[in-house]
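J.:
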Amino acid sequence: MARSPRWDAPGVAHHVMVRGIERRAIFYSDEDRIDFLGRLDRLIPELGFCCFGFALMSNHVHLVLRSGSVAISRLMARLNGGYARAFNLRHDRSGYLFQNRFKSRLIESDADLLGVVTYVCRNPLEAEVLGSVAELALWPWSSFSALAGDRLPWSFESTAETLGLIAEAPDKAREALRARVAQSDPGSTLLGGWTSMPGAQSSFPSTGDATDLDELIRVACRSQGIHPRELMDGSRVRAVSRARAIVAHLGTADLGLAGRQVAAALGTSPAAISQAAIRGRGLSTGLVRGGKGLSGEDPTSEF
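Per numbering that gives the first Met the number 0: the sequence shown = residues 0 to 302.
#1: Buried or exposed, going by whether 16 or more other CB atoms sit within 10 Å of the CB of R23?
#2: Counting contacts by CB-CB distance shorter than 7 angstroms, is A159 in contact with chain D?
#3: Determine the DSSP secondary structure at G266, reduced to helix, strand or coil.
#4: According to DSSP, simplified to helix, strand and coil, what is G19?
#5: Please report the distance separating the alpha-carbon of V63 from that of N87.
#6: Among A178, V128, I25, M75, whose alpha-carbon lies nearest the alpha-carbon of S103?
#7: Do you know whose CA, among L151, L124, K171, lies nearest A181's CA?
#8: Just to confirm my understanding: we take E156, look at its own chain, exclude 5 residues before and 5 after, and list those with CB closer than 7 angstroms. What are they?
#9: What residue range does the beta strand (DSSP E) around G114 cover?
#10: Report all residues from its chain with a CB closer than 6 angstroms to the CB of R65; omit the five preceding and five following residues, and keep chain order.
#11: If you reduce the DSSP assignment to three classes, tell me which class E167 lands in.
#12: If D34 and A85 are in contact, beta carbons under 8 angstroms, what's the gap, nearest whole angstrom?
#13: Does DSSP put V307 in a helix, in a strand, or in coil?
#14: Under a three-way DSSP split, which group does G52 fall into?
#15: Tell me which residue opens and which closes the beta strand (DSSP E) that V60 is part of.
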């Protein structure tokens, strides 16, 4: 199937994610992380990009970028290709390091941009790599430590512009950012939460049935023991596939939504929704519509 083109005009902001093949680690050591950041430090100024935020996780990377005069695909090809070759040489391995091409989501406003930056900053906390905002402020592998004023920024980090999204005075902006990142409700983060963080836009389509669809996604994920964000990252893990199938079936059969609406919410195609809906019929028995919407069998689950 042909890949859809990206909206990649100069000056457009994107949330970019790249993941290790088969969810394997792409960083084995601090040397690896410094190599990756050093490449960003060369490429972003050279290609005229702006970086609002980043987070280096063990098997994936988040970048919040505004494109320059060239396409994001050119930046990512040079970044990933160069890093993968150096990584393989350093660790005496061969073969692909990254899973497919990178993923990106268009950022539509300054409020949306601030929501994405906050989500990316919180990623090590959500993944339980770190346990507190204080630890995060001292962790050098995300933009938060520079934005919070606890380390000097790399030259590729646009810390002043990022803080300017929050407040004119840097001290006030840092204080407000710390408060946003300290918000502990995982449902408030972008790319999978049910309620948007203040200033962030929902990742789900805006329709008259949005509340029911969001609730359906929450219940389907809870029934499979996964977080809603996992529906959006292209995973083929069995529990994620089952949750998608449940949403596809009940979204079209019970909520009466068009396949394209459900497909937009799950980041897939209407054809894939049709196939998933067939599989979802037998998986949806335990999910029923209650007095306040769809309800599952375990109302105490955090998902």
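All C-beta atoms in this analysis are idealised placements derived from N, C-alpha and C, irrespective of residue type, glycine included.
The structure displayed is predicted, hence computed values, not measured ones.
T.: Taking the coordinates as given:
#1: With fewer than 16 other beta carbons inside 10 angstroms of its own, R23 counts as exposed.
#2: No chain D appears in the structure shown, which is made up of a single protein chain.
#3: Here G266 sits in coil by DSSP.
#4: strand
#5: 26 angstroms
#6: M75
#7: L124
#8: C50, S142, A145
#9: Careful: G114 lies outside any beta strand (DSSP E), inside the alpha helix (DSSP H) at 109-125.
#10: A12, C49
#11: coil
#12: Confirmed, about 6 angstroms.
#13: This structure cannot speak to residue 307, because the chain is shown only from 0 to 302.
#14: strand
#15: 59-65
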